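Numbers given in the numbering used here equal positions in the sequence shown, counted from 1, plus 1492. Note that the Cβ used here is the ideal one computed from N, Cα and C, for glycine as well. Values in this document were obtained by computation on a predicted structure and should not be read as measured data. What follows is one structure encoded as structure tokens, with my remarks underneath.
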Amino acid sequence: MARPRIPSIRSSEITDEKVFLNRRQFLQAAGFAAVGAAAAVATSGRVWATQERKLASFPDLSESPFSTDETPNSWEDVTTYNNFYEFGTGKDDPHVNARDFQPKPWDVEIGGECSKPGVVGFEDLVKPHTPEERIYRLRCVEAWSMVIPWVGIPLGDVLKRFEPTSKARYVRFTTLLDRARMPGQRWPILSWPYVEGLRMDEAMHPLTILAIGVYGKELPNQNGAPLRLVVPWKYGFKSIKSIVRIDFTEDQPVSSWHRAAPHEYGFYANVNPDVDHPRWSQARERRIGAGLFEEKQPTLMYNGYGDQVAQLYKSMDLKKNY
Ligand SMILES: Nc1nc2c(c(=O)[nH]1)N[C@H]1C(S)=C(S)[C@@H](COP(=O)(O)O)O[C@H]1N2
Ligand SMILES: [Mo]
């Protein structure tokens, strides 16, 4: 029997948050659409993913006051071009390799510095608990890539139910650890499980959402089912997927990417055209799906959400706190 190929990390995959083109779009542009599909069959050992888990729709969503009016990327772009190393290191691996993942039933454990820790089922965790709470449609730009119409509940609405104590200065999030269900965890690409963190005020900011859907439907597996973070003013790696644990902490959490490459991935990871990655400029970006030959756009400070979030960082040196 052939041994599975151990995925090597191409340096462009580890570090190239700024992706210039989608391999499939490139193949299509070059007239090789069929080759792309054939390659997917060969690497996955089965037919190109056509049948997705049935995804329920959300009946009544309120539009978030923070939504952009930019045109969203297509369902295809949003669901076939993902970073989710638990299901492979290629951008078009997760939608094939995560196809049979079962995100239900799902529990989330909440612990650390709070008065009401506990284990809560997914449905109870993400449903509004007061008449003021809502599930929103938040259409926002994912730094460097796409415009995505998320569905989610503000994280702060959920967190406050557990009554964080005065010692709670940060929130740490942890992805499921399960080598059988997440085969990418068999290789030491990152220190598993994937971990991320936010400062308390960032976590409580109304722009930070626990996303449970996209395009008005439940989250497809490759997008982080059943629940993932979306922090629109930060680079993509902060938006941790398939969360099973949330802890309030006194100390700043050490995130997986920071552990892997501390000089390249800081704790804050705020979108900032003035702070370059050690190996490339972050001043401009090109949208996925915009076409290979289209102009890049200038990267906006805080991804365009400066009015909402700049005050969180007003006394900080953003070059040190990258
Ligand atoms: N658990 C987990 N979460 C993760 C990742 C991952 O590999 N594992 N990748 C991150 C990165 S690098 C990005 S860019 C975003 C991508 O989210 P999307 O696929 O919905 O665009 O997920 C982030 N969350
Ligand atoms: Mo990323």
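**Prompt:** Looking only at C-alpha atoms, which of LEU1682, ILE1735, TRP1725, ARG1629 sits nearest to GLY1580?
**Reply:** LEU1682
**Item:** Distance between beta carbons of PRO1609 and ASN1713, contact taken as under 8 Å
**Value:** No, ASN1713 and PRO1609 are not in contact; Cβ-Cβ is about 28 Å, not under 8 Å.
**Asked** Where do the ends of the beta strand (DSSP E) carrying ALA1703 lie?
**Response** 1701–1706
**Item:** Top-ranked residue by Cα proximity to PRO1724, from ASP1584, ARG1631, SER1734
**Value:** ARG1631
**Residue range of the unbroken beta strand (DSSP E) whose run includes VAL1612** = 1610–1613
**Message:** Looking at ligand 1, does it come within less than 7 Å of GLY1716, judged from the CB to the closest heavy atom?
**Reply:** yes
**Asked** The beta strand (DSSP E) with TRP1642 in it runs from where to where?
**Response** 1639–1646
**Message:** I need the straight-line Cα distance from PRO1623 to GLU1605, nearest angstrom please.
**Reply:** 27 Å
**Message:** For ILE1735 and LYS1583, what's the separation of their Cα atoms in angstroms?
**Reply:** 20 Å
**Run of the beta strand (DSSP E) containing ASP1584, from where it starts to where it stops** = Where ASP1584 is concerned, there is no enclosing beta strand (DSSP E), given that its DSSP letter is neither H nor E.
**Prompt:** Do you know offhand how far LEU1719's Cα is from TYR1628's?
**Reply:** 14 Å
**Three-state secondary structure assigned by DSSP to LYS1726** = strand
**Prompt:** Do ASN1574 and ligand 2 come close, with the Cβ less than 7 Å from some heavy atom?
**Reply:** no
**Under the three-state DSSP convention, the category TRP1679 falls into** = coil
**Asked** Should GLY1728 be listed as close to ligand 2, given that the test is whether its C-beta is under 7 Å from any heavy atom?
**Response** yes
**Assumed close pair LEU1690, VAL1650 - CB separation to whole angstroms, cut-off 8 Å** = Actually they do not touch by this definition, with Cβ atoms about 13 Å apart.
**Prompt:** If we count the other Cβ atoms within 10 Å of its Cβ and call it buried at 16 or more, is TRP1642 buried or exposed?
**Reply:** buried
**Asked** Given a threshold of 16 other Cβ atoms within 10 Å of its Cβ, counted over all protein chains shown, does GLN1677 qualify as buried or as exposed?
**Response** buried
**Request:** Give the straight-line distance between the Cα atoms of SER1747 and PHE1665, rounded to the nearest whole angstrom.
**Result:** 9 Å
**Straight-line Cα distance separating ARG1626 from SER1554** = 7 Å
**Simplified DSSP assignment, three categories, for LEU1804** = helix
**Prompt:** What separation, rounded to the nearest whole angstrom, lies between the Cα atoms of VAL1612 and ASN1715?
**Reply:** 22 Å
**Message:** Less than 8 Å between the C-beta atoms of ILE1780 and ASN1574, yes or no?
**Reply:** no
**Residues of its chain near GLY1603, where Cβ-Cβ distance is below 6 Å and the 5 sequence neighbours each way are ignored** = PRO1609, ASP1739
**Asked** Given ASN1589, which residues of its chain have a CB within under 6 Å of its CB, disregarding the five upstream and five downstream residues?
**Response** PHE1579, GLY1580
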